[in-house]
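Colleague: Have a look at this one before I ask anything.
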Amino acid sequence: MMFYTVVCGWTIAYFVKAAMGTFDGTEDVTMVFGSMLGNPMELTGWMLLVAVIGFGVCAMGVQKGVERITKIMMGCLLVVMLFLVIRSVTLPGAEKGILFYLKPDFGKMFAGGLSGFGDAVYAAMGQAFFTLSLGISAMEVFGSRIGKQNSLTGEALRICGLDTAVAILAGLIIFPACFAFGVQPDQGVGLVFMTLPNVFNQMPLGQLWGTLFFVFMSFAALSTVIAVFENIVSYCMDVWGWTRKKASTVNCIAMFLLSLPCTLGFNVLSGFQPFGEGSSVLDLEDFLLSNNLLPFGALLFLSFCCHRWGWGWNNFIAETDQGQGARFPHWLK
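Under numbering that gives the first Met the number 0, the first residue of the sequence shown is numbered 0, with each subsequent residue one higher.
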């Protein structure tokens, strides 16, 4: 959350910018993104707004409101994404982006020998752990609230399937647009903020579509923020006996302070480049989480659930196979 709050702030900022028509007629949208990153006060303000909204919702409780609203908003986001896929793949020059995205080039993967292949697998696994919130208790906290009517294996397959489908759609929006507008596809975390506004500029009613996309994107990001914030709040309530409001208030202040290094890493602290030129505090924090805490945390959960010194394999299977749906394959023991 020390860097996800910052990225979530970008989505809200872009919703406001799109609604105000900031991108209309703008030839170089990348300058808008660069200008935002270079303004410490603006970035800090958006990050603070995310922290306040997230912990504000947690203070009121999340089950009734968030789940109901999320279903509607995520459905709308999927519809908007489908329209954007159609527009992106029909842009002039989009076919090169589609080939770049979908045609494998194993020569590049093995260019550095086995280490190059290992890096690719490691990066893919890091993305999988991150997008599914595995290894940092997020799935455990929300999984504990799932009803018993459906098997956990079936639920897991549905979640992974939907997550992958959305990721594929996102790629079909981003990469064809990159090649159509001459944007390098390896620009990292800011890619969506530099290519999509260009796509919207080329669409009829582009300002409306851009506003809708970023408002739904903001809600998607906020739903993740609220989910992980709820883990933090739940911990403080269960272990330290705090009230929900106290846990939300104290952690909101702590989250704001802890997110400042990432916020300032793009401007005031831009000289700190932990992985060489072009890297920032966000890259360091992402490396610590995605490449270390998530996989090792997942191994700890796995060991506890399946080992006789922890919960135990039989207990794990009994819980997993409750309800209707797919059964967990026992041979994976």
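Using N, Cα and C, we set each Cβ at its ideal position, and we do this for glycine too.
(1) With the cut-off set at 8 Å, would you say Thr-89 and Ala-50 are in Cβ contact?
(2) Please state whether DSSP places Asn-290 in a helix, a strand or coil.
(3) Which of helix, strand or coil does DSSP assign to Asn-149?
(4) Assign Trp-308 to one of two classes, buried (16 or more other C-beta atoms within 10 Å of its C-beta) or exposed (fewer than that).
(5) Quick one: what's Gln-402 bridged to in DSSP?
(6) Is the separation between the beta-carbon of Gln-321 and that of Ser-114 shorter than 8 Å?
(7) Go ahead and pull the three-state DSSP assignment for Val-15.
(8) CB-CB under 6 Å to Phe-315, same chain, minus the five flanking residues each way: which ones, in chain order?
(9) Measuring CA to CA, which of Ala-17, Phe-2 and Met-1 is closest to Phe-192?
(10) Quick test of your reading: Met-399 and Ala-219, contact by CB under 8 Å. State the CB separation rounded to the nearest angstrom.
(11) Using a Cβ-Cβ cutoff of less than 8 Å, which residues in the same chain neighbour Lys-332 once the five nearest sequence positions on both sides are dropped?
(12) Thinking just about the alpha-carbon of each residue, which of Leu-207, Arg-86 and Leu-48 is nearest to the one in Leu-171?
(13) For Thr-210, which three-state DSSP category applies?
(14) In the DSSP assignment, the alpha helix (DSSP H) including Ala-119 goes from what residue to what residue?
(15) I need the DSSP call for Arg-307, collapsed to helix, strand or coil.
(16) What residue range is occupied by the uninterrupted alpha helix (DSSP H) comprising Thr-242?
(17) Can you tell me whether DSSP reads Asp-282 as helix, strand or coil?
(18) I'd like the list of long-range same chain contacts for Ser-132, defined as Cβ closer than 6 Å, with 5 residues on each side in sequence excluded.
(19) Suppose the cutoff is 6 Å on Cβ atoms and the five residues either side in sequence are ignored; what does the same chain contact list for Gly-134 look like?
(20) Using a Cβ-Cβ cut-off of 8 Å (strictly less than) and excluding sequence neighbours within five positions of Val-227, which residues of its own chain qualify?
(21) Indicate whether Tyr-121 and Asn-290 have their beta-carbon atoms separated by less than 8 Å.
(22) Taking 8 Å as the limit between beta carbons, can you name the residues of its chain near Gln-183, skipping five residues before and five after?
(23) Span of the alpha helix (DSSP H) holding Trp-45?
(24) With distance defined between alpha-carbon atoms, name the residue in Ala-169, Phe-327, Lys-70 and Thr-210 nearest to Ile-11.
(25) Can you give me the start and stop residues for the alpha helix (DSSP H) that Ile-97 sits inside?
(26) So, is Asp-285 buried or exposed, given that buried needs 16 or more other C-beta atoms within 10 angstroms?
(27) From Ser-258 to Met-46, what distance separates their C-alpha atoms?
(28) Three-state secondary structure (DSSP) at Asn-200?
Modeller: According to the structure data:
(1) The answer is no: Cβ separation not under 8 Å.
(2) In this structure, Asn-290 counts as helix in the three-state DSSP scheme.
(3) Three-state DSSP puts Asn-149 in a strand.
(4) So Trp-308 ends up on the exposed side.
(5) Lying before the first or after the last residue shown, residue 402 is absent from the chain, which here runs from 0 to 332.
(6) Contact flag unset, no.
(7) DSSP, read as helix, strand or coil, puts Val-15 in helix.
(8) Counting only residues of its own chain and dropping the five nearest sequence neighbours on each side, Phe-315 has a CB closer than 6 Å to the CB of Cys-304 and Cys-305.
(9) It is Ala-17.
(10) Past the boundaries of the shown model lies residue 399; the chain is included only from 0 to 332, so the question cannot be answered.
(11) Cys-305 and Trp-312, listed in sequence order.
(12) Measuring from the Cα of Leu-171, the nearest candidate turns out to be Arg-86.
(13) Thr-210 falls in the helix class under three-state DSSP.
(14) In this chain, the alpha helix (DSSP H) harbouring Ala-119 covers 113-130.
(15) The three-state reading of DSSP puts Arg-307 in coil, since its state is none of H, G, I, E or B.
(16) In the DSSP assignment, Thr-242 falls outside any alpha helix (DSSP H) and carries neither an H nor an E.
(17) Helix.
(18) Result list for Ser-132: Met-138, in chain order.
(19) If you ignore the 5 residues before and after Gly-134, its C-beta comes within less than 6 Å of the C-beta of Phe-128, Leu-293, Gly-296 and Ala-297, all in its own chain and listed in chain order.
(20) Excluding five sequence positions before and after Val-227, the CB atoms of its chain that fall closer than 8 Å to its own CB belong to Met-0, Tyr-3, Ser-132, Ile-135 and Ala-137, given in chain order.
(21) A contact, by the Cβ cut-off of 8 Å.
(22) Cys-177.
(23) Per DSSP, Trp-45 belongs to the alpha helix (DSSP H) from 39-59.
(24) Here the closest residue by C-alpha is Thr-210.
(25) Residues 93-101.
(26) Asp-285 comes out buried.
(27) When the Cα atoms are used, Ser-258 and Met-46 turn out to be separated by approximately 8 Å.
(28) Of the three classes helix, strand and coil, the one that applies to Asn-200 here is helix, per DSSP.
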